Amino acid sequence: MSGTVILRARASMRASATSAALDGHQRYLAGGFNCQTMPDVVRAIAGHDPIAALRAYPGMVWLVNGDRDPFRAAEPTFLAACRDGRVVRLPRAGHITALANPDRLARLLEDAALEIEARNGRVGYLNPQDRAPGR
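For what it's worth, this note's numbering labels the leading residue of the sequence shown as 12, then goes sequentially.
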(Lines of atoms letter the chains of each structure in order from A; the text may use other names.)
(Lines give C-alpha, C1' and ligand atoms only; values in the text may rest on other atoms or scores of the structure.)
Protein backbone atom coordinates (compact mmCIF):
# COMPACT_ATOMS: atom_id res chain seq x y z
CA MET A 12 0.00 0.00 0.00
CA SER A 13 2.69 2.51 0.95
CA GLY A 14 4.63 1.71 -2.24
CA THR A 15 1.62 2.57 -4.35
CA VAL A 16 1.17 5.86 -2.54
CA ILE A 17 4.82 6.77 -3.08
CA LEU A 18 4.64 5.90 -6.77
CA ARG A 19 1.55 8.05 -7.29
CA ALA A 20 2.83 10.97 -5.29
CA ARG A 21 6.38 10.90 -6.63
CA ALA A 22 5.67 12.50 -10.00
CA SER A 23 3.72 15.42 -8.60
CA MET A 24 6.20 15.91 -5.75
CA ARG A 25 9.12 15.99 -8.16
CA ALA A 26 7.34 18.42 -10.46
CA SER A 27 6.70 20.88 -7.66
CA ALA A 28 9.85 20.28 -5.59
CA THR A 29 12.12 22.49 -7.65
CA SER A 30 9.72 25.42 -7.96
CA ALA A 31 8.61 25.18 -4.32
CA ALA A 32 12.20 25.02 -3.08
CA LEU A 33 13.23 27.97 -5.20
CA ASP A 34 10.15 29.93 -4.17
CA GLY A 35 10.77 29.18 -0.50
CA HIS A 36 14.43 30.06 -0.82
CA GLN A 37 13.61 33.37 -2.52
CA ARG A 38 11.03 34.25 0.16
CA TYR A 39 13.55 33.40 2.88
CA LEU A 40 16.19 35.60 1.31
CA ALA A 41 13.64 38.39 0.88
CA GLY A 42 12.90 38.34 4.61
CA GLY A 43 9.75 36.22 4.35
CA PHE A 44 10.62 33.91 7.23
CA ASN A 45 7.76 34.08 9.72
CA CYS A 46 8.83 33.52 13.32
CA GLN A 47 5.22 33.71 14.56
CA THR A 48 4.73 30.07 13.58
CA MET A 49 7.67 28.82 15.62
CA PRO A 50 5.78 28.19 18.90
CA ASP A 51 3.26 26.00 17.04
CA VAL A 52 6.06 24.14 15.28
CA VAL A 53 7.93 23.56 18.55
CA ARG A 54 4.75 22.27 20.25
CA ALA A 55 4.04 19.89 17.36
CA ILE A 56 7.60 18.55 17.35
CA ALA A 57 7.72 18.24 21.14
CA GLY A 58 4.53 16.16 21.10
CA HIS A 59 5.85 13.73 18.47
CA ASP A 60 7.82 10.59 19.33
CA PRO A 61 9.73 9.70 16.15
CA ILE A 62 11.28 6.56 17.67
CA ALA A 63 7.85 5.17 18.57
CA ALA A 64 6.56 6.11 15.11
CA LEU A 65 9.45 4.27 13.45
CA ARG A 66 8.94 1.20 15.66
CA ALA A 67 5.25 1.12 14.73
CA TYR A 68 5.77 1.51 10.98
CA PRO A 69 6.02 -1.87 9.20
CA GLY A 70 7.33 -0.59 5.85
CA MET A 71 10.63 0.42 4.34
CA VAL A 72 12.26 3.53 5.81
CA TRP A 73 15.16 5.47 4.39
CA LEU A 74 16.80 7.82 6.87
CA VAL A 75 18.26 10.46 4.57
CA ASN A 76 20.86 12.71 6.13
CA GLY A 77 23.46 15.08 4.79
CA ASP A 78 26.93 14.12 5.93
CA ARG A 79 27.27 17.70 7.24
CA ASP A 80 23.95 17.60 9.10
CA PRO A 81 24.56 18.42 12.78
CA PHE A 82 21.44 16.44 13.77
CA ARG A 83 22.86 13.05 12.69
CA ALA A 84 24.03 12.14 16.19
CA ALA A 85 20.95 9.99 16.93
CA GLU A 86 21.09 8.23 13.56
CA PRO A 87 21.94 4.78 15.04
CA THR A 88 19.00 5.02 17.46
CA PHE A 89 16.61 5.91 14.65
CA LEU A 90 17.93 3.10 12.45
CA ALA A 91 17.61 0.55 15.27
CA ALA A 92 13.94 1.53 15.68
CA CYS A 93 13.17 0.70 12.02
CA ARG A 94 11.91 -2.75 11.07
CA ASP A 95 13.22 -2.29 7.54
CA GLY A 96 15.53 0.71 7.55
CA ARG A 97 18.63 2.00 5.91
CA VAL A 98 20.73 5.12 6.21
CA VAL A 99 21.37 7.16 3.09
CA ARG A 100 24.05 9.81 3.58
CA LEU A 101 24.33 12.61 1.09
CA PRO A 102 27.86 13.88 0.54
CA ARG A 103 28.46 17.59 0.99
CA ALA A 104 24.89 18.12 2.23
CA GLY A 105 23.63 19.81 5.35
CA HIS A 106 20.33 19.67 7.21
CA ILE A 107 18.00 21.21 4.61
CA THR A 108 18.91 19.14 1.57
CA ALA A 109 15.53 19.50 -0.13
CA LEU A 110 15.93 23.28 -0.33
CA ALA A 111 19.56 23.09 -1.34
CA ASN A 112 19.14 20.42 -4.03
CA PRO A 113 15.58 19.44 -4.98
CA ASP A 114 16.79 17.36 -7.94
CA ARG A 115 18.77 15.17 -5.53
CA LEU A 116 15.62 14.71 -3.45
CA ALA A 117 13.66 13.76 -6.59
CA ARG A 118 16.27 11.11 -7.46
CA LEU A 119 16.09 9.68 -3.93
CA LEU A 120 12.30 9.45 -4.14
CA GLU A 121 12.64 7.71 -7.47
CA ASP A 122 15.21 5.26 -6.04
CA ALA A 123 12.84 4.46 -3.18
CA ALA A 124 9.96 3.95 -5.62
CA LEU A 125 12.10 1.67 -7.79
CA GLU A 126 13.07 -0.40 -4.75
CA ILE A 127 9.42 -0.73 -3.76
CA GLU A 128 8.62 -1.79 -7.33
CA ALA A 129 11.33 -4.45 -7.21
CA ARG A 130 10.13 -5.77 -3.86
CA ASN A 131 6.56 -5.98 -5.14
CA GLY A 132 7.54 -7.56 -8.47
CA ARG A 133 6.43 -4.54 -10.49
CA VAL A 134 9.73 -3.57 -12.10
CA GLY A 135 9.21 -1.28 -15.07
CA TYR A 136 6.10 0.39 -13.69
CA LEU A 137 7.74 3.81 -13.75
CA ASN A 138 7.62 5.44 -17.17
CA PRO A 139 10.93 6.68 -18.59
CA GLN A 140 9.44 10.17 -19.05
CA ASP A 141 8.72 10.27 -15.31
CA ARG A 142 12.35 9.80 -14.39
CA ALA A 143 14.08 12.39 -12.25
CA PRO A 144 16.37 14.90 -13.98
CA GLY A 145 19.72 13.40 -14.91
CA ARG A 146 18.41 9.81 -15.09
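The beta-carbon is built from N, C-alpha and C at its ideal position, and this holds for glycine as well.
For clarity, every value in this text was computed on a predicted model and none was experimentally measured.
For Arg100, name the three-state secondary structure that DSSP assigns.
In the structure shown, Arg100 sits in a strand (DSSP, three-state: E or B).
Taking the continuous beta strand (DSSP E) assigned at Asn76, which residues delimit it?
71-77
Euclidean distance between Cα positions of Arg94 and Gly132
21 Å
Within this structure, are the beta carbons of Asp78 and Leu101 separated by less than 9 Å?
yes
In the DSSP assignment, find the unbroken alpha helix (DSSP H) run with Thr48 in it and report its ends.
No residue range can be given for Thr48, since it is assigned to no alpha helix (DSSP H) and is classified by DSSP as neither H nor E.
Would you tell me roughly how many angstroms separate the C-alpha atoms of Leu116 and Ala124, rounded to the nearest one?
12 Å
Using C-beta distances below 8 Å, list every residue in its chain close to Val99, excluding the 5 sequence neighbours before and after it, in chain order.
Trp73, Leu74, Val75, Asn76, Leu119
The stretch 105-112 contacting the stretch 80-90, beta-carbon criterion three pairs below 8 Å:
Result yes; three or more Cβ-Cβ pairs closer than 8 Å.
In the DSSP assignment, what are the bridge partners of Asp95?
BP columns for Asp95 point to Met71.
Span of the alpha helix (DSSP H) around Ile107:
Per DSSP, Ile107 belongs to no alpha helix (DSSP H) and is neither H nor E.
Report the rounded CA-to-CA distance for Ile62 versus Asp51, giving the unit in angstroms.
21 Å
Put Asn131 into one of helix, strand or coil per three-state DSSP.
coil
Please confirm whether Arg130 and Met49 have their CB atoms less than 9 Å apart.
no
Sorted by chain position, which residues of the same chain lie with C-beta nearer than 7 Å to Leu90's C-beta, five sequence neighbours on each side aside?
Residues of the same chain with a CB within less than 7 Å of the CB of Leu90, apart from the 5 flanking positions on each side, are Leu74, Gly96, Val98 in chain order.
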